[in-house]
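The first sequence begins at 0 in numbering that gives the first Met the number 0 and counts up by one. For every residue, glycine included, the Cβ atom is placed at its ideal position computed from N, Cα and C. So the structure is just underneath, and the comments pick up after that.
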Amino acid sequence: MKDTIKTIMLKAAAVAYEKGDLPSNQIPVMEVEEPRHASQGDFSTNFAMVSAGIQKMAPRKIAQNLVASIEPSELVEKIEIAGPGFINFFLTKEAWHPVVDRILELNTQYGSSDIGKKQKIQVEFVSANPTGPLHVGHGRGAAVGDAVGNILSFAGFDVQKEYYINDSGRQIRTLGTSVWLRLQQSLGKQIDFPEDCYKGDYIKDLAERALKEKGDGLLERDEPLAIEICAKFAAKIILGTIKEDLLQFGVDFDQWFSEQSLYDTKRVQKAIEDFKSKDLIYEQDGALWFRTEDFGDEKNRVVVRNNGLTTYFASDIAYHMEKYERGFDKVIDVWGADHHGYIKRIDASVVASGRKSEQFGVILVQLVNLIRGGVPVQMSTRAGEFVTLKDIVDEVGKDAARFMFLSRSYDSGLDFDLDLAKQKNSENPVYYVQYVHARITGILIKATKESLIFDIDFDKGKHLDLLQEKEEINLLKIMNSFRENVEKSATSLHPHVIFTYLMSLASAFHGYYNKHKVITANKEQTLARLSLVLSVKKVIRNGLTLLGVSAPERM
RNA sequence: GCGCCCGUAGCUCAGCUGGAUAGAGCAACGGACUUCUAAUCCGUAGGCCACAGGUUCGAAUCCUGUCGGGCGUACCA
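Here it is as structure tokens:
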């Protein structure tokens, strides 16, 4: 629709130039937008204002000359010049009717876009260490990463969702030690449990399982080996639990990538040697340092410590090099906001290995505050007291949890109100939107029963010219802007744009529903309105799907 | 100290790649079900967009500074 307006303007500019009404035929970059107020039309363009410089003419004068050269169209009811030089278009109601046909025809693809041009893009998210269950913060990251992936894919990108498993290094050894010591304790040995070990009860469960499944063979080993066995055993089980929890949360990855594999294939070593040969890595105080300062970091960073052990940064460098070698045009990492200090470092490594900075992006997800009974739920990861993602999903359900996580921009901290997420009324956004889908399904079922309209899943609108009510046109306008919102969400990497969109569409529908009956004695009007609500149902479903939330037929 | 995010209605937040009169939900108040699901709707009220400068024809939006809140600043992960 906006493109139509642009085309009209371009034609008008050409005509006006030929008539001599405009001194220049240069075309500026114009905006076509939907004004806030109905009195300013359906669409508005700043064409005249941004032309002022080129034409050396007052914006309002340019606007007048342009409007005089606009070809009459049956889509346009009237055109007004307003304010400093805006050209406002008021469209006829008929101009909006074809939206229904487009929705019914494109169905699940309505709203999709090709702005991604099939670019290969990877979204890596969650990537929690397999040393304990996922907590609420991971949940927000999971919801965001998954939704961003869906939205990019819908916008025409070739998306891969990946989980990076930190199955190597110190945390895994600590996990092994924790399990091993709990196991010893369970056998009656008096051991002081170290501060830096994992204290959650799940460690004790893992110790029992290890004892049962690995049995005496484990106890006969030397301690270091026993710890390693415990570590591998525990990590494998925890990772399995993580996969289950994510699946229950509706998140499925295309690939699970092991950090250990980077060592097994010598990729970490190769990366270090490669950078060394380019003098990007140097030795000092017995350690190897990467010159991240040369790429804008505050200080250089260690990749190999003076005890010979690599840091996580070393494997992260190798990992990101490997990602681009797999052919991704762009790589996006979703991290918790507490990792923001890491961005420069990784960015430096990406640029150092010959990629452009624009090919790497980080989505920083701010922290989640759980609220119950109006007060924050206290959590401490160290003490093993935290609310897990599974707890949340079990308590409020997958749909409510995901919708809540995606309701706000991830740039802001999120208060997750557990009581609110469980409410089954309009205060709970997920019900507000899902209810639209269920309500429409109810109407469609009634229509098949009472009006004997059996083949209700039209692929084309019926008697659309009978859609004349203000609320009907409003719905058409909102639905028309779905693709635009998908594109905005994709380019900004902000899934809450879809949330906001769905809320406004739902609000418009509920308003319409309360004012007008869909099924009336007038058969043609009924068919027209059924076409309309059927298309609303599809748009709601498409939007919810992007966010990973189900669209129920009944509630 | 330095870096990142945030500061918009009493509360929770949209709007931020500059546009005309700043929006929604909750809370408050007043209304609407013999009706396709009231898990809904309609109305009233509520604002120096933290503050101060700057850029611009035009700033909640961009720049600088100040104040306030969160997070980070390891040869940790």
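Backbone secondary structure at residue i - three-state DSSP
i: ASN368; result: strand
i: PRO223; result: helix
i: LEU413; result: strand
i: ILE164; result: strand
i: THR499; result: helix
i: THR564; result: Shown here, the chain extends from 0 to 554; a query on residue 564 therefore has no answer.
i: THR519; result: coil
i: PRO58; result: helix
i: VAL374; result: strand
i: THR310; result: coil
i: ASP398; result: helix
i: PHE192; result: coil
i: GLU70; result: coil
i: ASP20; result: coil
i: VAL548; result: coil
i: LEU529; result: helix
i: LYS231; result: helix
i: ASN424; result: coil
i: MET554; result: coil
i: TYR559; result: Outside the displayed span of the chain (0 to 554) sits residue 559, for which this structure offers no information.
i: TYR341; result: helix
i: ILE26; result: coil
i: GLY52; result: helix
i: GLY214; result: helix
Strand pairing of residue i, partner residues [DSSP]
i: PHE289; result: ILE280 and ARG300
i: GLY335; result: VAL364
i: LYS329; result: ILE120
i: SER43; result: GLU32 and ASN87
Nearest candidate by alpha-carbon position, reference residue i, set the options
i: SER260; options: GLN283, LYS211 and SER314; result: SER314
i: ILE539; options: HIS495, PHE481 and THR447; result: PHE481
i: SER549; options: ASP418, ALA399 and ARG438; result: ALA399
i: GLY115; options: ARG300, GLU73, ALA489 and LEU543; result: ALA489
i: SER618; options: LEU492, LEU533, ASN521 and ASN479; result: Past the boundaries of the shown model lies residue 618; the chain is included only from 0 to 554, so the question cannot be answered.
i: GLN367; options: LYS536, LYS514, SER167 and ALA142; result: Inspection of the sequence shows that residue 367 is occupied by Val rather than by Gln. Of the candidates LYS536, LYS514, SER167 and ALA142, the one whose C-alpha sits nearest the C-alpha of VAL367 is ALA142.
i: ILE391; options: LEU369, GLU222, GLU219 and GLY412; result: LEU369
i: GLN433; options: ALA505, ILE237 and ALA67; result: ALA505
i: LEU388; options: GLY353, LEU245 and ASP454; result: LEU245
i: GLY579; options: ARG181, LEU186 and ILE78; result: The question about residue 579 has no answer here: the residues shown for the chain are numbered 0 through 554.
i: LYS487; options: GLU470, LYS188, LEU151 and PHE294; result: LEU151
i: LEU546; options: LEU531, HIS515, VAL496 and ARG553; result: VAL496
i: ASN149; options: THR499, PRO494, VAL535 and PHE402; result: PRO494
i: THR173; options: PRO193, GLU321 and GLN183; result: PRO193
i: TRP255; options: GLN247, ASP263, GLY249 and GLY239; result: GLY239
i: TYR512; options: PHE359, GLY138 and VAL435; result: VAL435
i: GLN184; options: ASP328, ASP278, LYS203 and ILE331; result: LYS203
i: GLY144; options: GLU17, LEU474, ASP251 and HIS36; result: ASP251
i: ILE331; options: GLY340, VAL361, ILE342 and TYR341; result: VAL361
i: ASP337; options: LEU363, ARG325 and LYS322; result: LEU363
i: PRO71; options: LEU90, LEU105 and ILE61; result: LEU90
Own chain, CB closer than 6 Å to residue i, minus 5 neighbours either side, in chain order
i: GLN159; result: GLN121 and ASP253
i: ILE472; result: LYS92 and TRP95
i: PHE294; result: ALA347 and VAL350
i: ASN87; result: GLN39, GLY40, SER43, GLU79 and ALA81
Close Cβ partners of residue i (< 7 Å) along its chain, the five nearest in sequence each way excluded
i: LYS445; result: ILE518
i: ASN424; result: TYR430
i: ARG344; result: THR291, ASP296, ARG300 and PHE312
i: ALA527; result: LYS461, HIS462, LEU463, LEU465 and LEU466
i: MET320; result: ALA270 and SER352
i: VAL267; result: LEU261, THR309, ALA313, SER314 and ALA317
i: GLY412; result: GLN365, LEU366 and ASN368
i: GLU426; result: LEU419
i: GLY131; result: TYR197, GLY199, TYR201 and ILE237
i: ARG553; result: ALA437 and THR440
i: THR617; result: For residue 617 there is no data in the structure shown, the boundaries of the chain being 0 and 554.
i: TRP179; result: ALA225, ILE226 and CYS229
Neighbourhood of residue i by C-beta, 8 Å cutoff - its chain only, sequence neighbours within 5 removed
i: GLU449; result: ILE518
i: LYS117; result: GLY155, PHE156 and ASP157
i: ILE442; result: VAL517, ILE518, LEU529 and VAL532
i: SER356; result: ASP346, VAL349 and VAL350
Residue i beta carbon near the ligand GDP (any heavy atom closer than 6 Å)
i: GLU33; result: This structure does not include the ligand GDP; it has no bound ligands of any sort.
Sequence ranges, beta strand (DSSP E) only - wholly within the stretch 73-160, length at least 3: Counting only runs of 3 or more residues that sit fully inside the stretch 73-160, the beta strand (DSSP E) segments are 75-81, 85-90 and 119-123, in chain order.
Open item on the list: Quick check on the DSSP output: what are the complete alpha helix (DSSP H) runs of length 4 or more inside the stretch 235-272, in order along the chain?
Closed with: Complete alpha helix (DSSP H) runs here, min 4: 258-263.
task: Report the residue ranges of all beta strand (DSSP E) runs contained in full by the stretch 343-368; include only those spanning at least 3 residues, in chain order.
output: You should have 359-364.
Please specify which runs of the alpha helix (DSSP H), each continuous and at least 4 residues long, are wholly inside the stretch 428-498, giving them in chain order.
-> With a minimum length of 4 residues, the continuous alpha helix (DSSP H) runs that stay inside the stretch 428-498 are 428-449, 469-479 and 481-491.
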